[in-house]
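Peer 1: Residue numbers (my numbering): 277 to 738. Quick reminder that beta carbons are idealized off the backbone N, C-alpha and C, glycines included. As the structure is a computational prediction, the values presented were derived from the model and not from experiment.
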Ligand SMILES: Cc1cc2nc3c(=O)[nH]c(=O)nc-3n(C[C@H](O)[C@H](O)[C@H](O)COP(=O)(O)OP(=O)(O)OC[C@H]3O[C@@H](n4cnc5c(N)ncnc54)[C@H](O)[C@@H]3O)c2cc1C
């Protein structure tokens with residue numbers, strides 16, 4: 277498993293830092309910004325050539341609402357990023373307080389500039405390979421990149437890989453998938469179509485008689501449009517899907533989950549939250565990830581043909597981009613000092629060390645419609661909190677986790693996994709690391725109540 281100083285004696289040292297963030301995704305980019313702002317030497321290591329992770333690399337461009345009566349439940353750096361995106365008109369405001377249908381290219385730039393301004397350093401194209409342990413403490417990692425293998429030493433490490441790669445190599449216990457079946461939530465391999473006449477498409481969707489056009493974003497030329505089709509749910513596109521299946525353009529599985537959004541700042545484009553891939557969906561299995569890309573690209577060709585043939589406004593559409601990253605909803609969940617449960621979510625539990633608030637429903641995608649329970653919502657006006665202890669993994673020191681691999685049950689993770697919560701976890705982990713360095717104590721001993729106070733002083737809604 278993990279490496280020791282002896283194992284890595286022959287490796288060159290690439291960097292020595294105070295706070296190391298592994299994975300520059302939804303949680304990791306924010307962790308890097310918050311860590312940089314502490315003044316401690318911070319490095320973010322990312323396998324891709326940009327930050328944002330699932331938001332940018334998997335093209336998951338709508339931020340789901342986490343709000344009560346239009347008032348967002350997350351503040352801090354999450355709110356700052358959304359403000360910057362809105363100032364660029366690269367993020368649209370949707371109904372119900374949803375602050376973000378955003379342009380992923382702009383988000384890459386916004387996050388990168390915020391990271392550099394914070395004083396954090398970035399290392400792209402570097403894959404976390406293993407962890408370096410000394411007496412039960414994470415003291416660094418080994419990365420692989422074009423220069424070969426090298427060591428990065430850190431006084432504190434935040435695992436923001438989404439899959440808990442660092443924590444697992446360090447020996448932290450974890451769970452994965454639905455406890456009843458062992459199966460993870462389905463993947464999606466998202467894509468964009470360009471050269472779409474959105475006004476004509478919007479007019480066509482309106483003519484079907486269901487309000488699927490939301491509003492015109494202030495200052496944007498793009499109608500914010502959303503439509504979907506899931507067999508048997510009454511979506512107005514269902515007859516067209518049936519016809520397309522009968523005519524051999526689509527396969528029946530293409531109607532298990534079809535969803536489309538527009539994006540602020542990108543007139544003429546549609547972003548697809550599909551194809552959804554079920555079956556072999558372990559996000560830590562490279563064969564499953566490979567198969568998902570292959571199946572995904574085949575399905576995209578079918579959706580492209582469907583849109584061109586059946587949807588007015590899409591006759592001349594072309595494929596702009598397929599997501600470089602497979603969209604992984606859920607994989608390994610670390611076991612931490614506290615495991616967030618379904619009851620915590622649905623009963624709206626608050627914690628003295630709460631570091632984020634959530635009221636997004638439990639949203640578990642099931643492989644087929646017979647197995648789908650739909651969204652399980654909190655009582656109206658209610659929210660729950662995520663305690664700091666969900667970021668503190670068992671059994672190893674100087675390490676925190678942030679993002680969708682937090683310590684939670686399958687059902688609870690199905691609720692808190694949305695982007696604004698991942699960002700809030702990233703910020704909390706970084707601020708905790710700063711406090712742990714200030715006090716020269718392990719992050720496990722950071723007082724969660726004091727952490728909460730500090731987050732509030734930095735703009736968190738707690
Ligand atoms: C298909 C899909 C649809 C979704 N829809 C929505 C939605 O509409 N709204 C919403 O709010 N949320 C949605 N979510 C949930 C949300 O987007 C994710 O849960 C969240 O973005 C995950 O953030 P994260 O920081 O945990 O992981 P990520 O954002 O994936 O970040 C992990 C980062 O670590 C990097 N990395 C991983 N392993 C290594 C390694 N070994 N070495 C170096 N770097 C590494 C990755 O490249 C990535 O940049 C959706 C998720 C999916 C998959």
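On a Cα-Cα basis, can you pick out the residue from 590, 320, 382, 575 that is closest to residue 545?
Peer 2: Nearest C-alpha to residue 545: 590.
Peer 1: With DSSP collapsed to three states, give me the class of residue 323.
Peer 2: Correct three-state label for residue 323: coil.
Peer 1: Following the continuous beta strand (DSSP E) through residue 634, name the residue where it begins and the one where it ends.
Peer 2: Run containing residue 634: 630 to 634, per the beta strand (DSSP E) assignment.
Peer 1: Tell me which same chain residues have a C-beta within less than 6 Å of the C-beta of residue 740, skipping the five on either side of it?
Peer 2: The requested residue 740 does not occur in the structure, where the chain is confined to residues 277 to 738.
Peer 1: What residue range is occupied by the uninterrupted alpha helix (DSSP H) comprising residue 711?
Peer 2: Counting along the chain, the alpha helix (DSSP H) containing residue 711 begins and ends at 695 to 715.
Peer 1: Taking C-alpha atoms, which residue in 700, 518, 507 lies nearest to residue 664?
Peer 2: Checked all of 700, 518, 507; the closest Cα to residue 664 is 700.
Peer 1: Could you tell me which uninterrupted beta strand (DSSP E) segments, each at least 3 residues in length, are contained entirely in the stretch 389 to 426, listed from first to last along the chain?
Peer 2: Counting only runs of 3 or more, we get 397 to 399, 403 to 410, 413 to 421.
Peer 1: In terms of residues, what are the limits of the beta strand (DSSP E) holding residue 579?
Peer 2: Run containing residue 579: none in the beta strand (DSSP E); it sits in the alpha helix (DSSP H), 562 to 586.
Peer 1: Using a 10 Å radius around the Cβ and a threshold of 16 neighbouring Cβ atoms, would you call residue 733 buried or exposed?
Peer 2: When all chains shown are included, residue 733 counts as exposed.
Peer 1: Per DSSP, what are the beta-bridge partners of residue 535 in this structure?
Peer 2: Bridge partners of residue 535: 504.
Peer 1: Which of helix, strand or coil does DSSP assign to residue 431?
Peer 2: Correct three-state label for residue 431: strand.
Peer 1: For the putative contact between residue 414 and residue 674, defined by C-beta atoms under 8 Å, what is the C-beta separation to the nearest angstrom?
Peer 2: So it is a contact: roughly 5 Å between Cβ atoms.
Peer 1: Going by CA-CA distance only, name the one from 702, 657, 727 that's closest to residue 345.
Peer 2: Residue 657 is the option with its Cα nearest to residue 345.
Peer 1: With H, G and I counted as helix, E and B as strand and the rest as coil, what does DSSP make of residue 452?
Peer 2: In the structure shown, residue 452 sits in a strand (DSSP, three-state: E or B).
Peer 1: Does the beta carbon of residue 330 fall short of 7 Å from some heavy atom of ligand 1?
Peer 2: Under cutoff, so the answer is yes.
Peer 1: Could you check whether the Cβ of residue 666 sits closer than 7 Å to any heavy atom belonging to ligand 1?
Peer 2: Checking every heavy atom of ligand 1 against the Cβ of residue 666, none is found closer than 7 Å.
Peer 1: If you count every other CB in all the chains shown that lies within 10 Å of the CB of residue 372, and 16 or more means buried, which is it?
Peer 2: Interpretation of residue 372 is limited by its pLDDT of 41, a score under 50 that renders its predicted location unreliable; no figure is taken from the coordinates.
Peer 1: By how many angstroms is the C-alpha of residue 449 removed from the C-alpha of residue 548?
Peer 2: Near 35 Å, if we compare the C-alpha coordinates of residue 449 and residue 548.
Peer 1: Is any heavy atom in ligand 1 found nearer than 7 Å to the beta carbon of residue 323?
Peer 2: Yes.
Peer 1: If you reduce the DSSP assignment to three classes, tell me which class residue 370 lands in.
Peer 2: Caution is warranted here: a pLDDT of 48 is assigned to residue 370, below 50, making its placement in the model unreliable, and the coordinate value is therefore given only provisionally. It is coil, neither helix nor strand.
Peer 1: Look at residue 419 and residue 429 and say whether their C-beta atoms are less than 8 Å apart.
Peer 2: Cβ atoms of residue 419 and residue 429: not closer than 8 Å.
Peer 1: Could you round the C-beta distance between residue 540 and residue 385 to whole angstroms and report it? I think they count as a contact, below 8 Å.
Peer 2: At roughly 15 Å, the Cβ-Cβ gap does not stay under 8 Å, so residue 540 and residue 385 are not in contact.
Peer 1: Using the Cα positions of residue 536 and residue 439, report the straight-line distance between them to the nearest angstrom.
Peer 2: Whole-angstrom Cα-Cα distance: 27 Å.
Peer 1: Starting from residue 439, follow its DSSP beta bridges and name the residues at the other end.
Peer 2: DSSP lists no partner for residue 439.
Peer 1: So what's residue 612 in DSSP terms, helix, strand or just coil?
Peer 2: Residue 612 falls in the strand class under three-state DSSP.
Peer 1: From the DSSP output, which residues share a beta bridge with residue 728?
Peer 2: None; residue 728 has no bridge partner.
Peer 1: Nearest CA to the CA of residue 407: which residue from 425, 397, 401, 398?
Peer 2: If we check each option's Cα against that of residue 407, 425 comes out closest.
Peer 1: Just how far apart, CA to CA, sit residue 374 and residue 416?
Peer 2: Caution applies to residue 374, whose pLDDT of 48 falls short of 50 and renders its modelled position unreliable; the model cannot decide the point.
Peer 1: Could you tell me the distance, in whole angstroms, from the CA atom of residue 370 to the CA atom of residue 459?
Peer 2: Only weak support exists for where residue 370 lies, its pLDDT of 48 falling under 50; the coordinates are left without a value.
Peer 1: Roughly how many angstroms separate the alpha carbons of residue 493 and residue 500, rounded to a whole number?
Peer 2: Any reading at residue 493 needs caution, since the residue's pLDDT is 48, under 50, leaving its predicted position unreliable; the model's value is listed next. Those two C-alpha atoms are separated by around 7 Å.
Peer 1: Taking 7 Å as the cut-off, does the CB of residue 561 come closer than this to any heavy atom belonging to ligand 1?
Peer 2: No - ligand 1 has no heavy atom lying nearer than 7 Å to the Cβ of residue 561.
Peer 1: To the nearest angstrom, report how far apart residue 285 and residue 695 are at their CA atoms.
Peer 2: Cα-Cα distance, rounded: 39 Å.
Peer 1: Are the stretch 559 to 573 and the stretch 350 to 364 touching by the rule of at least three beta carbon pairs closer than 8 Å?
Peer 2: Verdict: no, contact absent.
Peer 1: Excluding the 5 residues flanking residue 680 on each side, which residues of the same chain have their C-beta closer than 7 Å to its C-beta?
Peer 2: Cβ neighbours of residue 680 beyond the five flanking positions: 438, 606, 689, 693, 698.
Peer 1: What is the DSSP secondary structure of residue 343, reduced to helix, strand or coil?
Peer 2: The answer is strand: DSSP assigns residue 343 an E or B state.
Peer 1: Would you mind sorting residue 457 into buried or exposed? The rule is 16 or more other CB atoms within 10 Å of its CB.
Peer 2: Exposed is the call here.
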